[in-house]
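First up is the structure itself, then whatever we jot down about it.
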Amino acid sequence: MMRFVRTASSAVDDIRRAVEDLEEYSLEEAAVRSCWQRSPGVSWRYVVYRCLIFVIHLAIFDMSFLEIGRNFNPDFTVGINAPRTIKFYMKWGLYLTHWGLVFNAVQSFLGALLVLNAFRFQRAGSSAPSFFRTIANLYHVLFVVSVNLSIFIAAGFWSWVYDPADSNIDALTLSEHGMCTFLLIVDLFIVGLPYKLFYGFYTTTVTLVYMCMTYVHHLCGALDRFQDHTFLYEKNDWDYPR
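Each residue of the sequence shown is one higher than the last, beginning at 80 in this note's numbering.
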C-alpha cells in the first residue's frame, strides 16, 4: 500500500513539474505581486494587503479555537454545559471546518512571509535565496487547496450540517463559514498566482485523509467534542451512513 502511495505521489510530482515547465510565468514573481499590478517589483500596498489578510485569518482561527463569538441555542444544553477542559480544546482539530481554518492561516502566513521578504530584498537590492521558490510553490498549493476546501466547507455546512436547534447564526459561525470563503474568493481575483485545477488532486487527498480519520475515530469508539456522540457529523455516522 505504501509503495502504491509513493508511486502515485511521484507520478503526480512528475506531471506537476512537466506542466510548470510549459507555463510562461515566474512563480517567484507571481507569488509576491497582484495580478492587477503593472509596475515591476513588489508594491508596498500589496505588502499591507497580504499582512491584513493573514491577520484576519489568524483572528478567525483564534476565535474558533477559543469559541469567541459563539452563541449556542439555549435548547442545546449539551454544548452549553460541556466542560471546557483540555480534552475539549484538543478535540477542536477533529472537525473539517477547523482543518480548513488551519489551511487558511498557514497559506496566508506564507503569503505574507513571501511578500515581506521580497519587499525587503527589493529595498536591499539583493536577490531572493534559493529556497524562496520552494516556499512559493508550497504557498501556491496551499492557497488553491484552501480556496477549494473553504468553498466546499461553507456549502456543506449550510446545506448539510447547520441545525438551528443547536446553534444560532452567530459571529463565529459567520466567520468560519462565510467570511473565510469570502476572503479567499476575493483573494483569488487579486493574487498573481494562477488557479490550477490540477491542484484539486491535493484537495481530494486532504478530504480522503479526513474521511479516514473519522472512520478511525468511529472504530475506536471515541466521542465528539461534546462527549455525547460517537460521530463527528450526524450525516457522517458510520453506523448509519447516508
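Just so you know, even glycine gets a beta-carbon here, dropped at the ideal spot from N, CA and C. All values reported here derive from a predicted model rather than from experimental measurement.
Neighbourhood of residue i by C-beta distance below 8 Å, restricted to the same chain and skipping five residues each side
i	result
Leu101	With a pLDDT of only 43 at Leu101, under the threshold of 50, the placement of this residue in the model should not be trusted; the figure read from the coordinates follows. Correct list: empty, nothing qualifies.
Trp115	Ile269
Asn196	Ala207, Phe211
Trp27	Here the chain comprises residues numbered 80 to 321, so residue 27 is not present and cannot be evaluated.
Gly279	Val223, Asn227
Ile248	none
Gly300	Thr309
Which listed residue (the options) has its alpha carbon closest to that of residue i
i	options	result
Thr283	Ala197, Val134, Val224, Leu145	Val224
Asn315	Tyr218, Leu193, Gly235	Gly235
Phe328	Gly257, Ile165, Phe261, His136	In the structure displayed, the chain extends from 80 to 321; residue 328 sits before or after that span and is not available.
His256	Trp237, Asn247, Leu193	Trp237
Phe188	Ala161, Ile230, Phe231, Val127	Val127
Phe277	Ile230, Leu221, Val288	Leu221
Ala244	Gly300, Ile264, Thr156	Thr156
Thr323	Phe280, Trp317, Tyr281	In this structure the chain extends from 80 to 321, so residue 323 is not present and cannot be described.
Val134	Leu262, Tyr281, Cys299	Leu262
Glu146	Asp242, Tyr281, Ser246, Gly204	Ser246
Those residues which DSSP pairs with residue i across a bridge
i	result
Ser246	Phe151
Ser113	Val270
Beta-carbon contacts of residue i that lie in its chain and below 6 Å, excluding the five residues immediately before and after
i	result
Ser144	Here the sequence assigns Phe to residue 144, which means Ser is not the residue at that position. These residues qualify, in order along the chain: Trp171.
Phe198	Val121, Val126
Cys130	Ala191
Other residues of its chain near residue i: CB distance less than 7 Å, five sequence neighbours each side excluded
i	result
Tyr218	Ala110, Gln186, Leu189, Gly190, Leu193
Met142	Gly148, Leu251, Ser254
Arg82	none
His297	Thr309, Phe310, Trp317
Met169	none
Asp258	This sequence places Met at residue 258; Asp is not what is there. So the qualifying residues of the chain are Ile139.
Leu267	Val226, Tyr274
Ile230	Thr260
Phe200	Ser206, Ala207
Asn216	Leu106
Just checking, does the segment 140-154 make contact with the segment 199-208 on the three C-beta pairs under 8 Å criterion?
-> no
Do three or more CB pairs link the segment 170-179 to the segment 293-312 at distances below 8 Å?
-> yes
What alpha helix (DSSP H) runs, 4 residues minimum, are completely inside the segment 248-277?
-> 250-253, 259-267
State whether the segment 268-284 contacts the segment 105-114, with contact taken as three or more CB pairs (one from each stretch) at a distance under 8 Å.
-> yes
Cβ contact (3+ pairs, closer than 8 Å) linking the segment 156-168 and the segment 291-307 | yes
In chain order, which continuous runs of the beta strand (DSSP E) of length 3 or greater are located wholly inside the segment 141-201?
-> Runs of the beta strand (DSSP E) lying entirely within the segment 141-201, each at least 3 residues long, are absent.
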